[in-house]
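2 protein chains.
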Amino acid sequence: MKLRKKKAYSVAIMGATGAVGEEMLGILEQRQFPVSKLVLLASARSVGKKYAYGGREIEVRELKEDSFEGIDIVLASAGGSISKRYAPLAVQAGAIVIDNTSAFRMDPEVPLVVPEINPKDIKKNNGIIANPNCSTIIMLVPLWPLHRANKIKRVIVSTYQAASGAGAKAMQELEDQSRAVLAGQKAAPQVFPHQIAFNLFSHNSAIKDEGYNEEELKMIKETYKIFHTDKIKVTATTVRVPVYRAHSEAIYVEFAKEPDLAEVRRILESAPGVRIVDDREKNYFPMPIEASGKDDVLVGRIRRDPTSPKGLWLFVAGDQLRKGAALNAVQIAEILCGRTVPVRV
Amino acid sequence: MKLRKKKAYSVAIMGATGAVGEEMLGILEQRQFPVSKLVLLASARSVGKKYAYGGREIEVRELKEDSFEGIDIVLASAGGSISKRYAPLAVQAGAIVIDNTSAFRMDPEVPLVVPEINPKDIKKNNGIIANPNCSTIIMLVPLWPLHRANKIKRVIVSTYQAASGAGAKAMQELEDQSRAVLAGQKAAPQVFPHQIAFNLFSHNSAIKDEGYNEEELKMIKETYKIFHTDKIKVTATTVRVPVYRAHSEAIYVEFAKEPDLAEVRRILESAPGVRIVDDREKNYFPMPIEASGKDDVLVGRIRRDPTSPKGLWLFVAGDQLRKGAALNAVQIAEILCGRTVPVRV
Chain W
43 MKLRKKKAYS VAIMGATGAV GEEMLGILEQ RQFPVSKLVL LASARSVGKK YAYGGREIEV
103 RELKEDSFEG IDIVLASAGG SISKRYAPLA VQAGAIVIDN TSAFRMDPEV PLVVPEINPK
163 DIKKNNGIIA NPNCSTIIML VPLWPLHRAN KIKRVIVSTY QAASGAGAKA MQELEDQSRA
223 VLAGQKAAPQ VFPHQIAFNL FSHNSAIKDE GYNEEELKMI KETYKIFHTD KIKVTATTVR
283 VPVYRAHSEA IYVEFAKEPD LAEVRRILES APGVRIVDDR EKNYFPMPIE ASGKDDVLVG
343 RIRRDPTSPK GLWLFVAGDQ LRKGAALNAV QIAEILCGRT VPVRV
Chain R
43 MKLRKKKAYS VAIMGATGAV GEEMLGILEQ RQFPVSKLVL LASARSVGKK YAYGGREIEV
103 RELKEDSFEG IDIVLASAGG SISKRYAPLA VQAGAIVIDN TSAFRMDPEV PLVVPEINPK
163 DIKKNNGIIA NPNCSTIIML VPLWPLHRAN KIKRVIVSTY QAASGAGAKA MQELEDQSRA
223 VLAGQKAAPQ VFPHQIAFNL FSHNSAIKDE GYNEEELKMI KETYKIFHTD KIKVTATTVR
283 VPVYRAHSEA IYVEFAKEPD LAEVRRILES APGVRIVDDR EKNYFPMPIE ASGKDDVLVG
343 RIRRDPTSPK GLWLFVAGDQ LRKGAALNAV QIAEILCGRT VPVRV
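Okay, here's the thing in structure tokens:
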């Protein structure tokens, strides 16, 4: 499906009161997305909540089956089961859905898109375009330009994932638990299965095939789909850390040929969506607090492996709510509209 | 050098008021180490500070050149430059020094010992025995029994290191900064180069050869020395996380032969100093808050790599102050005394 060319588009945000939904609203405004009408959809209990947008106030409406009449673009981030139910209805009503949940990502009929990597995949859609998993996006934005210059054969990644990946309530839990622990009280986990304050734990998604959790399987399978290859060996350990909203990842890459460090830096310097933060003398590298609120994925600790000539380490940090979710979705919407905004604003 | 066999030994703790020094005191008492006299040594500003030990109170004395007369065993953890200056004096005075700093670790005349791995190396000492780096110990305790059964060819490790590795002041900084951030104030880094509260950063040691920091080089070089081989390819990314006192590590291992998962579990179950925490159904794996205050290194996320038949992932957590430092040193002292206490108490 294509969007009919217009001066401005009616946009609905499904899950508008969530951490990603709120970020979508902010990014639409910040990037001056051509919006003719904005509809904020959420569950009944959020109805009446108001958000500022473009100098107006917009009230949240209840998500219903008939919410999509006259809507051109739906940005969906209300959970997988909500997307499964409502995305097809939105498409039936004539909208294109950019879905931030995992509901359709591995559906062969649905493109899975990172605008810096595979924007052309958007064309072959049946009304739904999937936004990849946050840790996948943050890993692949810097890896793609390197892969184009020197084929990546293998990725071994360990993640340091922020609370925001589990939503606004999880971020609040990190704050509340931290206060409790500092006051000498016990942390009482509710959103996460374990204490998040001053602790870390294996990612809180279900353990599946061969002991890998869903988050790890997403990083593996989505990489194949986005890069259009299953010739890369990808393996991952995903970990939740007491950080609010940016994911970090220690990525070990093996290339087909020995990487040249100067070339790697040159490629990353001109790569869209990437910023090098790599000052060895000052011991200054990517940090989640500095990636928070930023569009770029920060990349540093760029170094070869003396024991393995084709190996290369990177350490990256990217805002989970922005490039890992809301920004990537809005960028897809911009491509749908034929906007000529640069990927990096 | 050998310790002359006695019923009880005079022990000095050098750096007694530091995070590791205090832990050494507690562990000597807990393990009922045969102490005839205990001398607590620190810099002049700590003189007069008192610690309870075995129902008595012991006052801290100033570390001086003549502090070691009549001392059998020195447990040293007051920093590398202090050890370089005072350890030879202690040896001259007839003591054996178990040194927790990096001062002598790579000295070919000095054994570098993890009691579960290479206790026999203790014998060939010239009065100084080095305690390995904390992240090295925590990594190697579970890897050693696996290596004995199936040679390890390669280790790719990413760490999640606690504040305690930088001492008591760093732990206090994590607490103070967390309070400040929760109160809406700015964090003011003093001990660490960057904000530690709700953040993480590449390990705060100097960047050396080929972009590796000192912590990473310790993990690499100390592994060779402790395992008595340089045939293992070891590479590491070390990261500081907002956790108080236990280090975690995501360890990717490649063996000579395909590992058998049941055998790996069986080996780890009976390995000294190791406890398996690996409940896939409950999503329950090693966590730093559960490793804190414990002697064992917790090991979990034990799984193969479907893309690489010889690969295996482990996720470990170990108390940085205990097994990573003070406990390992006291265990070495126990071997010196010929104590027959089991390694696991």
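Line order of the protein sequences matches chains W and R. Under my numbering, think of the first position of the first sequence as 43, with each following residue one higher. Under my numbering, think of the first position of the second sequence as 43, with each following residue one higher. For every residue, glycine included, the Cβ atom is placed at its ideal position computed from N, Cα and C.
- Note on W:SER123: under 16 other CB atoms within 10 angstroms of its CB, so exposed under the neighbour-count rule.
- Scanning the stretch 291 to 359 of chain W from its first residue to its last, the whole beta strand (DSSP E) runs of 3-plus residues come out as 316 to 318 and 339 to 347.
- Between the alpha carbons of R:PRO157 and R:THR143 lies a distance of about 17 angstroms.
- The alpha-carbon separation between R:GLY96 and R:GLN72 amounts to approximately 9 angstroms.
- Per DSSP, reduced to three states, the secondary structure at W:LEU363 is coil, with no helix or strand assignment.
- Beta-bridge pairing by DSSP links W:VAL197 to W:VAL276 and W:VAL295.
- By alpha-carbon distance to W:GLU107, the top candidate from W:LEU131, W:GLY90 and W:LYS92 is W:LEU131.
- The DSSP assignment places complete beta strand (DSSP E) segments of no fewer than 3 residues inside the stretch 99 to 137 of chain W at 115 to 118, in order along the chain.
- Segment contact: the stretch 155 to 174 of chain W against the stretch 286 to 294 of chain W, fewer than three CB-CB distances shorter than 8 angstroms; contact not assigned.
- In the three-state DSSP reduction, R:GLN203 falls in the strand class (E or B).
- When only Cα atoms are considered, R:ALA248 and W:VAL152 end up about 47 angstroms apart.
- The C-alpha of W:ARG346 lies about 41 angstroms from the C-alpha of W:ARG221.
- R:HIS270 does not reach chain W, its nearest Cβ partner there being about 17 angstroms away, counting only Cβ pairs nearer than 7 angstroms.
- Secondary structure note for R:TYR266: its alpha helix (DSSP H) is the uninterrupted segment 256 to 269.
- A distance below 8 angstroms separates the beta carbons of W:ALA84 and W:GLY57.
- Contacts with chain R at 8 angstroms (Cβ-Cβ) do not include W:LEU188.
- Closer than 8 angstroms to the CB of R:SER350 there is at least one CB belonging to chain W.
- In this structure, R:SER206 places its C-beta atom within 8 angstroms of the C-beta atom of R:LEU363.
- Pairing R:PHE234 with R:ASN246, the inter-Cα distance amounts to about 7 angstroms.
- Residue contact with chain R for W:SER177: absent (no Cβ-Cβ distance below 8 angstroms to any residue of chain R).
- Taking the C-beta atoms as reference points, R:ALA278 is found nearer than 8 angstroms to R:GLU258.
- Within the DSSP bridge table, the entry for R:ILE171 names R:ILE140 as partners.
- Neighbours of W:MET329 in chain R, taken as residues at a C-beta separation under 9 angstroms, are given in chain order as HIS236, GLN237, ASN241, LEU242, PHE243 and SER244.
- What R:GLU217 touches in chain W, judged by beta-carbon distance under 8 angstroms, is LEU224, going in chain order.
- For the pair of segments examined, the stretch 369 to 382 of chain W was found not to touch the stretch 86 to 101 of chain R: the number of CB pairs separated by less than 8 angstroms stays below three.
- Going by DSSP, R:SER220 is part of the alpha helix (DSSP H) stretching over 210 to 224.
- W:HIS289 has W:GLY360 as its beta-bridge partners, per DSSP.
- Contacts between W:THR279 and chain R, judged by CB atoms closer than 7 angstroms, involve ALA292, ARG343, TRP355 and PHE357 in chain order.
- Less than 8 angstroms divides the Cβ of R:GLN203 from the Cβ of R:SER177.
- Annotation for W:ILE55: the continuous beta strand (DSSP E) segment containing it runs 51 to 56.
- DSSP, read as helix, strand or coil, puts R:SER88 in helix.
- Shown here for W:ALA120: same chain residues with a beta carbon closer than 6 angstroms to its own, the five before and five after excluded, namely MET56 and GLY57 in chain order.
- Residue state for R:ARG46 is assigned as coil, using DSSP reduced to three classes.
- Between R:ASP141 and R:LEU45 a beta carbon distance of about 16 angstroms is seen, past the 8 angstroms cut, so the two are scored as non-contacting.
- Sixteen is the threshold: when 16 or more other Cβ atoms of the shown chains lie within 10 Å of the Cβ of R:GLY68, as they do, the residue is buried.
- Per DSSP, the beta bridge partners of W:PHE243 are W:ARG282.
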